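For reference, the structure discussed in these notes is given below.
2 protein chains.
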Amino acid sequence: MTEEEWTIPDVAVAVDLAVLTVRAEQLQILLVERGIEPFRGALALPGGFLASAREDIDGAAVRELAEETGLAAQDLHLEQLRTYGTPDRDPRRRVITVCYLAVVPNLPVPRAGGDADVARWVPVAEALAGPLAFDHSRIISDAVERARGKLEYTTLATAFCPAEFTVTELRRVYEIVWGEQLEPRNFHRKVTGADGFLVPTGEKTLRQGGRPAELYRRGPASLLHPALLRSRASSLEVTA
Amino acid sequence: MTEEEWTIPDVAVAVDLAVLTVRAEQLQILLVERGIEPFRGALALPGGFLASAREDIDGAAVRELAEETGLAAQDLHLEQLRTYGTPDRDPRRRVITVCYLAVVPNLPVPRAGGDADVARWVPVAEALAGPLAFDHSRIISDAVERARGKLEYTTLATAFCPAEFTVTELRRVYEIVWGEQLEPRNFHRKVTGADGFLVPTGEKTLRQGGRPAELYRRGPASLLHPALLRSRASSLEVTA
DNA sequence: GCGAGTTTCCGTCAATCTGACGGATAGTGG
DNA sequence: CCACTATCCGTCAGATTGACGGAAACTCGC
């Protein structure tokens, strides 16, 4: 802001996506196998450079998400996570990447991207265990951490669910993301009691075996009152 | 990530700081009067472009903070807030700015920056009422929102206080940042009961009039258990 | 048609936490 | 030594939480 114009260094700006979902009773993340160097063949977050000097950053995230998953922004939760810009994170040149956290319901199957990269769902535990391109391991940790925290005091959990869902499905989201068992009865009492969290549709599930469950839709609230706090042990585990 | 090298647009990367403190019973923010176009003479967040193509982003934030306030990073709370990058936010050229939230104790007085810009404290309410350079009004709103939220479930409030402080001083921080009155007795019980929040020094204040207060230091915890939640009304006001 | 199996949902109850208040404590200043 | 002021402690009713038993509602198999 106070430098002369000629001293401003040029930087390449990328947008990366951490797309989370719950599939097969696991927290999973969308990853692509890189088709080009560096890190050719390694797993990486989907993303890419700005398409033009005039492309909006948030717009680039929406575009990349559509390219990789075929999802439109209105169907999901999309928020900026953080910007990563250590000087040596890309061996080619100076790159900073603006990362986004997306939370989507369980999709039938990710489409192959427009490019040669093949996108697929990978359990988060597996992704963090194996090697990943760039600093994407760190980014995934941050994304998961953010999601875990936001379940407590926002209605983010509904973004993991389809348009209509049961209380038990919602509880499974909490349990899987937090890695912690919750009391079904107390959970039911809390979420149905929280203002604007759930709206009953009046419909019931047609299920084999067992009493049909009430179906709910996400309510208008985005903040949870009162909050749904994790156990002490569970949240310490994440920070440690 | 999938584009050819030659298509990558060059972008100028800036770092801006939202430095908050509590002064004179008000939440205040450090602003500079711009010495150059655009927005010459307008108030703006302190910040600047990367010093070189190899400068770390977090490092740039620390450098700017030292230049503007003379503060070292270890004395305060510094975290990334968000990156702002709408295409037309700077009329000169494409600029994206990585913004940081800093929380500092009540400083004697901000030093003039190394440049011609004059830094000074401005009450947040006043800053948001008047016109500001670029999209800095939005950034300040986001910074204040982040700080308000983080007081609930982290120990961020201690970053507003000097090394040793009383429970009443800490309570004033909460009241001023939240804009809400708190019960002194209940607040005392909660904060002294929260694990790792406060460490008693054994010292007492030498004050005129009134019983001397115990002095505390910030404890090792960064997350607050149990959380210190705002009233329903107060947090809705922010989202509205 | 009817019971076994399964899942959702409701009610209870003790332990804990919260909000609200009165009053004791420990200094200063006149 | 008596106001005055501010901190700190105790109490107590109402709300919330965690933990559990059991009723309700449906499917399946016989």
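Which chain is which? The protein sequence lines are V and U, in order.
Going by this note's numbering, the first residue of the first sequence is number 1, and it counts up by one from there.
Going by this note's numbering, the first residue of the second sequence is number 241, and it counts up by one from there.
Here a beta-carbon is modelled for each residue, glycine too, at the ideal position from N, C-alpha and C.
Note that the structure is predicted; figures quoted are calculated from it, not measured.
- In the structure shown, U:P424 falls within a helical segment according to DSSP collapsed to helix, strand and coil.
- For U:D296, the residues of chain V that pass the 8 Å Cβ criterion are G85, T86, P87, in the order they occur in the chain.
- Linking V:A12 to U:T247 through their CA atoms gives a straight-line distance of about 10 Å.
- Listed by position along chain U, the residues whose Cβ is nearer than 9 Å to that of V:V98 are T323, G325, I336, V338.
- Look at V:T83 here: in three-state DSSP terms it is strand.
- In the structure shown, the three-state DSSP call for U:V344 is coil.
- Chain U has no Cβ within less than 7 Å of the Cβ of V:F197.
- Nearest to V:V144 by alpha-carbon distance, out of V:Q26, V:E183, V:A66, V:T86, is V:Q26.
- Burial is judged here by how many other beta carbons sit within 10 angstroms of a residue's own beta carbon; V:D16 has at least 16 and is buried.
- The straight-line gap separating the alpha-carbon atoms of V:A14 and U:D382 is approximately 23 Å.
- Around the beta carbon of U:L455, a 10 Å sphere encloses 16 or more other beta carbons of the protein chains shown; the residue is thus reported as buried.
- Excluding sequence positions up to five before and after U:P331, its CB lies within less than 7 Å of the CB of P278, all in the same chain and listed in chain order.
- The beta-carbon distance between V:P9 and U:L290, rounded to whole angstroms, is 5 Å. This is short enough to meet the 8 Å contact definition.
- Using beta-carbon distances, V:D142 does not count as an interface residue toward chain U, since no partner is under 7 Å.
- Partner residues in the beta bridge of U:A254, as assigned by DSSP, are U:F289, U:T337.
- By DSSP's assignment, U:I269 forms a beta bridge with U:L260, U:V362.
- One finds P9 in chain V with Cβ atoms closer than 8 Å to the Cβ of U:S292, taken in chain order.
- For the region 252 to 274 of chain U, the set of positions with a beta-carbon nearer than 7 Å to some beta-carbon of chain V reads A252, V253, A254 in chain order.
- At the C-beta level, V:T201 and V:R217 come within 7 Å of one another.
- Going by DSSP, U:G442 is part of the beta strand (DSSP E) stretching over 438 to 444.
- Close to chain V, meaning a Cβ-Cβ distance shorter than 8 Å, is no residue of the region 419 to 434 of chain U at all.
- Scanning U:A397, U:V335, U:L321 for the CA closest to the CA of U:P327 turns up U:V335.
- Of the candidates U:Y324, U:L305, U:R294, U:Y324 places its Cα closest to the Cα of U:F374.
- By the CB criterion at 7 Å, V:R148 and V:V177 fall inside the cutoff.
- Under the three-state reduction of DSSP, U:H465 is assigned to coil, being neither helix nor strand.
- Closest in C-alpha terms to V:R40, from the list V:V62, V:V98, V:L132, V:L65, comes V:L132.
- By the rule that beta-carbons nearer than 7 Å mark a contact, V:H225 touches chain U.
- Around the C-beta of U:L446, fewer than 16 other C-beta atoms lie within 10 Å, and the residue is accordingly described as exposed.
- Per DSSP, the unbroken beta strand (DSSP E) holding U:E454 starts and ends at 454 to 458.
- V:Q80 reaches chain U at R322, T323, counting residues in chain order whose Cβ is nearer than 8 Å.
- In chain order, Y100 place their CB closer than 6 Å to the CB of V:Q80, counting only its own chain and leaving out the 5 sequence neighbours on each side.
- At a cut-off of 7 Å between beta-carbon atoms, U:F400 makes no contact with chain V.
- Chain-ordered, the chain U residues with CB closer than 7 Å to the CB of V:R232 read H465.
- Neighbours of V:L229 in chain U, taken as residues whose beta carbon is under 8 Å from its own, are P466, A467 in chain order.
- Taken atom to atom, the span from the alpha-carbon of V:A66 to that of V:A18 is near 13 Å.
- Taking C-beta separations shorter than 6 Å and ignoring five residues to either side along the sequence, the partners of V:A60 in its chain run V15, L50, following chain order.
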